[in-house]
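Structure record follows, encoded as structure tokens.
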Amino acid sequence: METLSLILLMLALILLTQVIGHYIRFIPTALIQIIAGTVAALLMSGLTIEVESEWFLLLFIAPLLYNDSSHFPREDLWRMRTAIFGNAIILVLLTTIVGGYFINWLIPVIPVAAAFALAAILSPTDPIAVNGIAKRVQIPEQILTLVRGESLINDASGLVAFSYAVAAVVTGYFSLQSATTEFFYMFIVGAVIGLTISLAMNFLKVRLRRAGIEDVVFYALLQILTPFIIFFIAEEGFHASGVIAVVTGGILHALIKERTETFFAQEQTLTDNIWTMIAYTLNGIIFLLLGLTLPEATREIFADDAINNWRLMLYVIEIGSFILAIRLVWTMFFNWFDHRFFKKEDREHRRPSFKQDLITTLVGVRGTITMVGVLSLPFLTESGEAFPERSLIIFLAAGVIIYTLVLATILLPVLNRGEASTPIALDLNAQKQRMIRRAISEIKQVTDEDNAVVAFDLLNEYHVMLRLLRAQEKSQEELNQFNDQLKALRLEAVQWEKEESKRFVAEHKVPDLLKKDVFRSIENRRKAIGKDSRFQIVQPIRKLWWKRKRSNMSSDALIQMTQVEHELYEKVMGTVIERLENCRSSYPPDVVQSVLEFYKRLRFKHTRWSSPIGGKDVDQQKEELCLKAIEVQRLEIANMSKEGNLSNEEEKELRRFIHYIESVVLYEYVE
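Residues in the sequence shown are numbered from -1 upward in steps of one, following this note's numbering.
Shown next as structure tokens:
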């Protein structure tokens, strides 16, 4: 019952801290959750939480890193591979060695091996805390990509270095050769296991589908279990790095997903929604647990009269500042080396400024891996003696986590002022286009024979919005040129349509009523392109006249004419669409795509009788498609906010834009 009560308490605190974080945007949600957890632990006397690193890594770190790596841009990962691996491996080793000697010099009561352990566990940066900061501060994209990329890998390198330093304290023995061999073994074998199991899980899904199992919930659950399976097999079966295994498995999963999401759209949508919920919950629980364990973990050191409490605070600041100083020096050296030897021929590439180096340093905050690792320190060595200064090491690690978070919260907004000063209107235009493209992609994925008519109408609405947004980025001269080219191609298409219709009428027996309507429709479209105002008045009258004529026909005559109409539009529109596809070399892509979408929509409109709606009326289909499109747009806003690309005002403006789209495509939709 106590465990259940604690879980419910943490879930309630997650909701509460998210609400507080929404209003207090200058403080990262991670820091708010640490404070909330600490306050809850102080109010609940006698609360004791034992964090075992093995189950914590399996339950929290494995799924979160798998999810992060599956969404990490692989192009950026490859483009910045040198910087990412330099920070994730070389910087970790430098921090462990140099930082360890500094800690031993500053606090001689901590032995060198134990100081190495503390420095090693302080070396990994925290991707969750980085995302929390990115929500409040518009960090330059290249820096954010670097820190997120290294966070995927340095957890493994930091934990390996930490485990060897702890083993040296516990056993009193250390071999550089065996440590180096084990280090490379854990990395390489972990990567191979991650790739192998990810491929095996995909193969299993294919075989099960062929066996007739089509339950999307089953496959979503299988996907959720994958990182736990990968981590457990890597750690327990091969004693390799489970962290590296889940990262490589996540990257491979993303590659496979790109090739199959068109075929399994419903499964991917369900899985993505479940992952969003899991990541949201686990991220919150991690920092709440950190706060909940802080009072108990540091109570002993505060009760020790041999060490002054103010001196402890000073130690935290000195160690935290020195760890960040190592990162700053490495960042400056790497940027100089990279610019001097690798990009010297790139005239447009300029070496990052000291200000950017400082931002890169401060974004490298410490977090969950540090706290989990340090709480896993053993109480005794092999000789039966107490682990040297265990309580002090735990306090220093917790203090450095909070210190780096607070320092980043205070200094990054000051340093970043003016760093990403792109006009808000331009930024919002780009973000709106991103949302529209995401909606278009979603509609195309769920389009089938039953809803094709409504889907094409809805796609047309979104393409119009997209063209309007793109037009805002063009100069008046570019806009006039675009409109002239669009008008010219539309007139060409109408002429092709007229020629093909004449050819079809000459070769087939077409009822006079249909013949008159087809050529009148073509002529009206030609006048509409020329902006003939009379067409706007005549068009509704013509539609009423056409409906009345059809209603007076016999059933057999109506069926026969509808069949001919279907064949005519299939033939004529198919030929026009084919000729438009061949115009891509002579007209801009946007112009061709605009006319293509119109004719595709027109073809489906006149052949809808061959695709039964299957019990659902058009309004219901329209509403379902609209809601799906709007849902993915809201999800896209959440993703942009998570990436740190939106300020509070920008997020509000985009949500107002969503409300506008709802009114246009849902409530004011006209067939």
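Positions of the beta carbon are idealized from the N, C-alpha and C atoms, including for glycine. Values in this document were obtained by computation on a predicted structure and should not be read as measured data.
To the nearest angstrom, how far is it from the Cα of His251 to the Cα of Ser196? Going by the C-alpha atoms only, they are around 7 Å apart.
Length-filtered (4 minimum) alpha helix (DSSP H) runs lying within the region 96 to 158: Those alpha helix (DSSP H) runs which fall completely within the region 96 to 158 and span 4+ residues are 110 to 119, 125 to 134.
In angstroms with no decimal places, state the Cα-to-Cα distance between Met275 and Leu464. 30 Å
Euclidean distance between Cα positions of Asn386 and Ser149: It should be noted that the sequence gives Pro, not Asn, for residue 386. Using only the alpha carbons, I get a separation of about 29 Å.
So what does DSSP say about Ile209, is it helix, strand or coil? Residue identity differs from the one stated: residue 209 is Ala in this sequence, not Ile. Coil.
Give the DSSP-derived three-state secondary structure of Leu375 in the structure shown. coil
Restricting to Cα atoms, I'd like to know which of Leu373, Leu410, Val404 is closest to Ala395. Leu373
Opposing strand residues paired with Ala384 [DSSP bridges]: Leu378
Per DSSP, what kind of secondary structure is Lys525 in: helix, strand or coil? helix
Look at the Cβ atom of Val241, then the Cβ atom of Asp153, and state whether they are nearer than 8 Å. Cβ atoms of Val241 and Asp153: closer than 8 Å.
Please confirm whether Leu594 and Val516 have their CB atoms less than 8 Å apart. no
What would DSSP say about Phe24, mapped onto helix, strand or coil? Residue state, collapsed to three classes: coil.
Nearest to Tyr278 by alpha carbon, out of Asn637, Leu220, Arg653? Here the closest residue by C-alpha is Asn637.
Does any CB atom of chain B fall closer than 8 Å to the CB of Ala10? Checking the listed chains, one finds no chain B in this structure; it contains a single protein chain.
Contained beta strand (DSSP E) runs [length at least 3] in the region 441 to 506, N- to C-terminal order: none
Looking at the secondary structure, which residues open and close the alpha helix (DSSP H) in which Gly318 lies? 307 to 335
Does Arg208 pass the burial test, meaning 16 or more other C-beta atoms within 10 Å, or should it be called exposed? Result: exposed.
Mind checking which residues open and close the alpha helix (DSSP H) that includes Phe226? It spans 214 to 230 - the alpha helix (DSSP H) in which Phe226 sits, taken as one unbroken run.
Cα separation between Gly289 and Phe230? The alpha-carbon atoms of Gly289 and Phe230 are separated by roughly 27 Å.
Spell out a yes or no on whether the region 315 to 334 and the region 396 to 408 are touching, meaning 3 or more CB-CB pairs, one atom from each, closer than 8 Å. Touching, yes.
For Ile453, collect the residues of the same chain with a Cβ closer than 7 Å to its Cβ; drop the 5 residues on either side in sequence, then sort them by chain order. Contrary to the premise, residue 453 reads as Ala rather than Ile in this sequence. Same-chain partners within the cutoff: Ile441, Thr445, Leu623.
Identify, in the order they occur along the chain, each residue of the same chain with its Cβ nearer than 8 Å to the Cβ of Val215, setting aside the five sequence neighbours on each side. Leu268
Residues of its chain near Gln619, where Cβ-Cβ distance is below 6 Å and the 5 sequence neighbours each way are ignored: Asn449, Val452
Note down the Cα distance separating Leu360 from Gln479, rounded to an integer number of angstroms. 48 Å
With a CB to CB cut of under 8 Å and the five nearest residues on each side skipped, what residues in its chain are close to Arg582? Closer than 8 Å at the Cβ level, and outside the excluded window around Arg582, lie Val590.
My understanding is that Trp328 touches Leu89, with C-beta atoms under 8 Å, so please give their C-beta distance in whole angstroms. With a contact defined as Cβ atoms closer than 8 Å, Trp328 and Leu89 qualify at about 5 Å.
In whole angstroms, give me the CA-to-CA distance for Glu212 and Ser68. 24 Å
Look up Arg435 in the DSSP assignment and say whether it is helix, strand or coil. helix
Ile357 lies in the alpha helix (DSSP H); which residues open and close that run? 352 to 361
Can you tell me where the alpha helix (DSSP H) holding Ser672 begins and where it ends? The chain is shown from -1 up to 669; residue 672 falls before or after that span and cannot be answered.
Answer yes or no: do Leu29 and Thr407 have a C-beta to C-beta separation smaller than 8 Å? Cβ distance < 8 Å, so Leu29 and Thr407 count as in contact.
At the level of alpha carbons, what is the spacing between Leu312 and Gly362? 21 Å
Using a Cβ-Cβ cutoff of less than 8 Å, which residues in the same chain neighbour Ile391 once the five nearest sequence positions on both sides are dropped? Ile108, Ala112, Ala115, Leu116, Val372, Leu375
By how many angstroms is the C-alpha of Asp455 removed from the C-alpha of Gln443? Cα atoms of Gln443 and Asp455: separation of roughly 15 Å, rounded to the nearest angstrom.
Nearest by alpha-carbon distance to Gln431: which of Asn414, Leu467, Asn458, Pro411 is it? Ranking Asn414, Leu467, Asn458, Pro411 by Cα distance to Gln431 puts Leu467 first.
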